[in-house]
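Each residue of the sequence shown is one higher than the one before, starting from 102 at the first, in the working numbering.
Heads up, the beta-carbon is just placed ideally off N, CA and C, and yes, glycines get one too.
Accompanying notes for the structure given below.
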Amino acid sequence: MTVIQVKTAEQQQAVRMIRERVFVEEQGVPRHLEYDTHDETAIHLLVLDEQNRPVATGRTRPYDEQRMKVERVATLAATRGKGYGGELMQAMERIARREGRTILTLGAQVQAIPFYQGLGYAIVSDEFDDAGIPHRTMEKKI
Numbered sequence: 102m103t104v105i106q107v108k109t110a111e112q113q114q115a116v117r118m119i120r121e122r123v124f125v126e127e128q129g130v131p132r133h134l135e136y137d138t139h140d141e142t143a144i145h146l147l148v149l150d151e152q153n154r155p156v157a158t159g160r161t162r163p164y165d166e167q168r169m170k171v172e173r174v175a176t177l178a179a180t181r182g183k184g185y186g187g188e189l190m191q192a193m194e195r196i197a198r199r200e201g202r203t204i205l206t207l208g209a210q211v212q213a214i215p216f217y218q219g220l221g222y223a224i225v226s227d228e229f230d231d232a233g234i235p236h237r238t239m240e241k242k243i
């Protein structure tokens with residue numbers, strides 16, 4: 102498996118495909134809420150499986166002087182549980198360190214909390230709604 106920083110139009114298309122399948126089709130997030138102005142400035146990552154097929158994606162961006170915010174983490178349903186999400190999150194940590202940040206913050210869908218806890222993230226907020234899906238803010242010191 103390989104984690105790459107998105108640079109080409111083809112890679113951007115793969116990111117959109119994964120987000121469409123996971124967030125819009127699978128979870129019912131309205132398309133107009135899925136894409137925002139941060140897409141233009143965030144660092145997007147793409148995970149390729151052993152056959153070089155896109156299977157997971159996420160983005161990160163500066164949040165404040167200490168934090169990078171991780172957003173839009175998605176793994177295709179058929180490839181979940183195979184370590185792609187964990188590799189993606191390790192790459193997010195490397196980027197945050199490179200950018201001089203010491204904390205990663207994210208809004209975790211409630212059903213994904215155990216995944217993030219397994220990676221060392223802690224819950225730091227009450228539950229809140231985002232696009233009709235319950236979330237909690239989680240953070241990890243790196």
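Contact between G159 and M193 is confirmed by a C-beta separation of about 7 angstroms, below the 8 angstroms threshold. A residue is called buried once 16 or more other Cβ atoms fall within 10 Å of its Cβ, and V225, having fewer, is exposed. L134 sits in a helix when the DSSP states are folded into three classes.
Ranked by Cα distance from T180, the first of R173, P155, P163, Q167 is P155. Per DSSP, the continuous beta strand (DSSP E) segment holding R237 begins and ends at 234 to 242. DSSP places T103 within a strand segment (E or B) once states are collapsed to three. A check of alpha carbon separations from F124 across I234, T238, Y185 identifies I234 as the nearest.
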